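These notes concern the structure reproduced below.
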Amino acid sequence: MLADKESRGGVLEPDGIVEIKFRKQHLHDLMMKCDEQLKEAVSQLNAASNDAEKISELKLKINKRKEFLMPVYRTIAVKFADLHDTTARMLAKDAIHDQLTWSESRNYIHRLLQVKLTKMEMARSYLQSQGISKESITIKDLENGCKWVDEHLTANNIEYCQKESNQKHFSRFCYDSSKIQTYSQSSNFKRTLENSAIQNSSLTLLSTLDTLSDDAQKELVQALLKQFKAKNLLNN
1 MLADKESRGG VLEPDGIVEI KFRKQHLHDL MMKCDEQLKE AVSQLNAASN
51 DAEKISELKL KINKRKEFLM PVYRTIAVKF ADLHDTTARM LAKDAIHDQL
101 TWSESRNYIH RLLQVKLTKM EMARSYLQSQ GISKESITIK DLENGCKWVD
151 EHLTANNIEY CQKESNQKHF SRFCYDSSKI QTYSQSSNFK RTLENSAIQN
201 SSLTLLSTLD TLSDDAQKEL VQALLKQFKA KNLLNN
């Protein structure tokens, strides 16, 4: 999933989070920790234990100070709650794949699709080398094929995605399909598919032989030798 950098997860409204998790008493407690005037007034209140008039005056001063600070502290609390619903937080929790700006979204998605489509086509080629016809490929087959492609590209150091280190860019990844597209058409990849087909065909043939009688096995081998001779494969 991709998200604009200004978007929000929208699980709870920031105001709602503050009402539930950071209520008025919590804000008062925070004021007492952070505001020097409140600290001084409370200190004076504790010292004026026998002066009723002084105590009343200080309590009034404290309450007025709290009322004065409340809008500021609540605004900060709402902003703090909102920060927990931003794309940066969603990235930290792996709720989204990446964040991007609206102005760069078309280019980003175009590059991402080029990579994904190339990998998908490579996965289909691999599955066909495994004896699965193009028409019978399932979603599960494609998942397995894409997993094989990822492992194969990593083993061959074919890079198509880099983590973005430039602070001017908001996106976490930068995609480039040029290398993977070139490799998908290379002789090395074609040879890999051929080796996969050879291995799969060999296993299939051996499995078939195990199910046949001795006479049937001989007939199958003779039929294969006849085909090899017809194509001059034994002379190469």
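Per UniProt numbering, the very first residue in the sequence shown carries number 1; after that it's consecutive. All residues carry an ideal CB built from backbone N, CA and C; glycine is no exception. As the structure is a prediction and not an experimental result, all values here were calculated from the model.
- Message: Suppose you measure from the CA of residue 229 to the CA of residue 186; what does that come to, to the nearest Å?
- Response: On the sequence shown, residue 229 is found 229 positions in, with the first residue counted as 1. On the sequence shown, residue 186 is found 186 positions in, with the first residue counted as 1. Cα to Cα, the separation comes out at about 31 Å.
- Query: Rounded C-beta distance between residue 98 and residue 173? I'm assuming under 8 Å.
  - Reply: Translated into positions along the sequence shown, residue 98 becomes position 98. Translated into positions along the sequence shown, residue 173 becomes position 173. With a Cβ gap of about 5 Å, residue 98 and residue 173 count as contacting.
- Task: Using the Cα positions of residue 148 and residue 142, report the straight-line distance between them to the nearest angstrom.
- Result: Reading the sequence shown from its first residue, position 148 is the one you call residue 148. Reading the sequence shown from its first residue, position 142 is the one you call residue 142. Between residue 148 and residue 142, the alpha-carbon positions lie close to 10 Å from each other.
- Taking C-alpha atoms, which residue in 208, 201 and 114 lies nearest to residue 184? Here residue 184 refers to the residue found at position 184 of the sequence shown. Comparing Cα-Cα distances from residue 184 to each of 208, 201 and 114, the minimum goes to 114.
- Query: Exposed or buried, what is residue 145 when buried is set at 16 or more other beta-carbons lying within 10 Å of its beta-carbon?
  - Reply: Here the question's residue 145 lines up with position 145 in the sequence shown. With 16 or more Cβ atoms within 10 Å of its Cβ, residue 145 is classed as buried.
- Task: Output the residue ranges of the alpha helix (DSSP H) runs that lie fully inside the region 147-199 and measure 4 residues or longer, sorted by chain position.
- Result: Annotation: the region 147-199 contains the following complete segments of the alpha helix (DSSP H) (minimum length 4 residues), in chain order: 178-184.
- Inter-residue Cα distance where the pair is residue 89 and residue 10: By 1-based counting over the sequence shown, the position of residue 89 is 89. By 1-based counting over the sequence shown, the position of residue 10 is 10. Cα-Cα distance, rounded: 12 Å.
- Message: Let me confirm a value: residue 125 is counted as buried when at least 16 other C-beta atoms fall within 10 Å, else exposed. Which label applies?
- Response: Looking up residue 125 in the sequence shown gives position 125. Looking at its Cβ environment, which holds 16 or more other Cβ atoms inside 10 Å, residue 125 is buried.
- Which partner residues does residue 99 have in the DSSP bridge list? Walking along the sequence shown from the start, residue 99 turns up at place 99. Bridge partners of residue 99: 3.
- Roughly how many whole angstroms lie between the Cα atoms of residue 68 and residue 62? For the purposes of this step, residue 68 is taken as residue 68 along the sequence shown, with counting starting at 1. For the purposes of this step, residue 62 is taken as residue 62 along the sequence shown, with counting starting at 1. Distance between the alpha carbons of residue 68 and residue 62: 10 Å.
- Considering only the beta carbon of each residue, do residue 66 and residue 31 sit closer than 8 Å? Along the sequence shown, read from residue 1 onward, the residue named residue 66 stands at position 66. Along the sequence shown, read from residue 1 onward, the residue named residue 31 stands at position 31. With respect to residue 31, residue 66 sits close: the two C-beta atoms are nearer than 8 Å.
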